[in-house]
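A short write-up of the structure that comes next.
In the working numbering, the protein residues as written are 123 to 252.
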């Protein structure tokens, strides 16, 4: 296992939990196994490790791109990662409100539903001063 693979797997486990990260890799089909290797090694082991942006900022950027492309399933996955990287419910809500101006209401609503469902599953509540 390369250094980037190790760093990538460690970050995936932090962001998505050991089971969530390992399940994607261990249960990958023969078609998906090389893709999971690339995701772990390149995406999480190299791109996410770059020093200029912190992990929370990267999570918010990733979620913004997923909203813009209408990827509800991935929004659920990366909402978990964003929370693990320190994003609050309020910050995530603001991300979706901001996306209305650039992505439109239908994409924002679909994305917010996926995010909210995941936050509720995780038990992430709003701050008292909201």
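Every residue gets a Cβ at the ideal spot worked out from N, C-alpha and C, and that includes glycine.
Check whether residue i and residue j have beta carbons under 9 Å apart
| i | j | result |
| --- | --- | --- |
| residue 248 | residue 201 | no |
| residue 167 | residue 203 | no |
| residue 132 | residue 198 | no |
Nearest-angstrom Cα separation, counted from residue j out to residue i
| i | j | result |
| --- | --- | --- |
| residue 180 | residue 127 | 19 Å |
| residue 223 | residue 175 | 24 Å |
| residue 125 | residue 183 | 25 Å |
| residue 242 | residue 134 | 21 Å |
| residue 154 | residue 244 | 27 Å |
Residue i: first and last residue of the uninterrupted alpha helix (DSSP H) it sits in
| i | result |
| --- | --- |
| residue 218 | 211-225 |
| residue 126 | 125-148 |
| residue 189 | 177-190 |
7 Å Cβ shell around residue i - same chain, five flanking residues per side excluded
| i | result |
| --- | --- |
| residue 207 | 137, 177, 178, 181 |
Assumed close pair residue i, residue j - CB separation to whole angstroms, cut-off 8 Å
| i | j | result |
| --- | --- | --- |
| residue 123 | residue 189 | Actually they do not touch by this definition, with Cβ atoms about 33 Å apart. |
| residue 169 | residue 158 | 15 Å between Cβ atoms; not a contact. |
| residue 246 | residue 211 | 5 Å |
Contacts around residue i, its chain only, beta-carbon distance under 6 Å, and the 5 residues preceding and following it disregarded
| i | result |
| --- | --- |
| residue 94 | Examination of residue 94 is not possible in this model, given that the chain is present from 123 through 252 alone. |
| residue 234 | 218 |
Proximal residues to residue i (C-beta, below 8 Å), its chain only, five neighbours per side dropped
| i | result |
| --- | --- |
| residue 226 | none |
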